[in-house]
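Note sheet for the following structure.
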Amino acid sequence: MDEQAASHVKADKDKELSGAELMYQEAKVMSAQGRSLDALEKFEKVLEIFEAADGKDVEVANICEKIGDLRTMRGNFKGAVPAYQRALAICEKNNDPVSTVLLAEKIIDLYRQLGNLDRVLPYYFRALELVEKLGDIGKAGLYLTGIGDIYQKRNELDKALDAYRTAHGIYQGAAYRERAEILEKGIKIVEEAMSAGASNK
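Our numbering applies: residue 18 is where the sequence shown begins, and numbers increase by one.
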């Protein structure tokens with residue numbers, strides 16, 4: 018390709034990207050106005066353009082998250098999950114732990130809504146690992162409690178108890194008295210269930 022042709026191709030791509038950026042802003046306005054279906058269609062068009070361009074990972078992640086948010090709002094939980102997963106993968110690749118945790122939380126909520134508990138745990142553990150590195154004690158306790166809840170529902174009571182006790186220790190040490198008291202009740206219920214299960218054997 019000669020220089021002139023290459024220059025035309027670049028100009029066309031730049032024009033397309035400028036148009037996509039304008040569409041992106043329009044989609045955000047539509048979303049704020051409550052025109053979720055129109056916004057969704059526009060975001061999906063913009064996504065195709067940014068995906069085909071180089072160095073637009075951050076934009077792709079942002080659009081995927083917005084698509085996930087809109088699908089969630091419209092009750093399309095199954096359709097929202099892959100959009101969030103795509104955004105999360107980009108954030109992990111770009112070493113953005115805060116965004117990774119926020120997206121993991123959104124995926125956790127959706128899988129819980131869908132009743133797909135087996136798929137929840139890896140996201141809880143990933144989020145837990147990141148918030149521990151970030152030093153967010155409150156979130157660490159929250160995720161451990163969520164992990165305990167999943168194990169309890171799966172009737173893996175020993176694992177549930179371990180998670181609850183670890184969370185309880187965090188809350189006590191960090192002076193989250195109210196959360197610690199709630200967990201004490203949960204621990205007691207699990208211990209009683211385990212005791213009843215042992216005596217029935």
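Don't be surprised by glycine CBs; every beta carbon is placed ideally from N, CA and C.
At a cut-off of 4 residues, the continuous stretches assigned as alpha helix (DSSP H) that sit fully inside the region 42-128 are 53-69, 74-90, 94-110.
Given a length threshold of 4 residues, each whole run of the alpha helix (DSSP H) inside the region 143-192 is given here in chain order: 154-170, 174-190.
Here G132 carries a coil assignment [DSSP, helix/strand/coil]. When the beta-carbon positions are compared, R88 and A78 stay at least 8 Å from each other. Closest option to K205, judged by alpha-carbon separation, among A192, H185, Q130: H185. The Cβ atoms of A210 and L174 sit closer than 8 Å to each other. In this structure, L34 and A70 form a Cβ contact; the two beta carbons are roughly 6 Å apart against a cut-off of 8 Å. Taking a C-beta distance under 8 Å as the contact criterion, Y160 and Y141 qualify as a contact pair.
Taking all protein chains in view, the Cβ of R194 is surrounded by fewer than 16 other Cβ atoms within 10 Å, so the residue is classified as exposed. Within the same chain, S53 come within 7 Å of R91 by CB-CB distance, once the 5 residues on both sides are set aside.
Taking C-alpha positions only, Y181 is separated from R171 by approximately 15 Å. Taking the Cα positions, S48 is about 27 Å away from N111. In its chain, beyond the 5 residues on either side, Y141, A180 have a beta carbon closer than 6 Å to the beta carbon of I164.
Rounded to the nearest angstrom, the Cβ distance from A37 to F60 is 11 Å, too far for a contact under 8 Å. Take R196, set aside five residues on each side of it, and the residues of its chain with a beta-carbon closer than 7 Å to its own are G158, Y188, in chain order. Under a 10 Å Cβ-count criterion, A213 is classified as exposed, with fewer than 16 other Cβ atoms of the shown protein chains found around its own Cβ.
The alpha-carbon separation between G51 and L57 amounts to approximately 11 Å. Separation of V75 and T183 (C-alpha to C-alpha, rounded to the nearest whole angstrom) is 36 Å.
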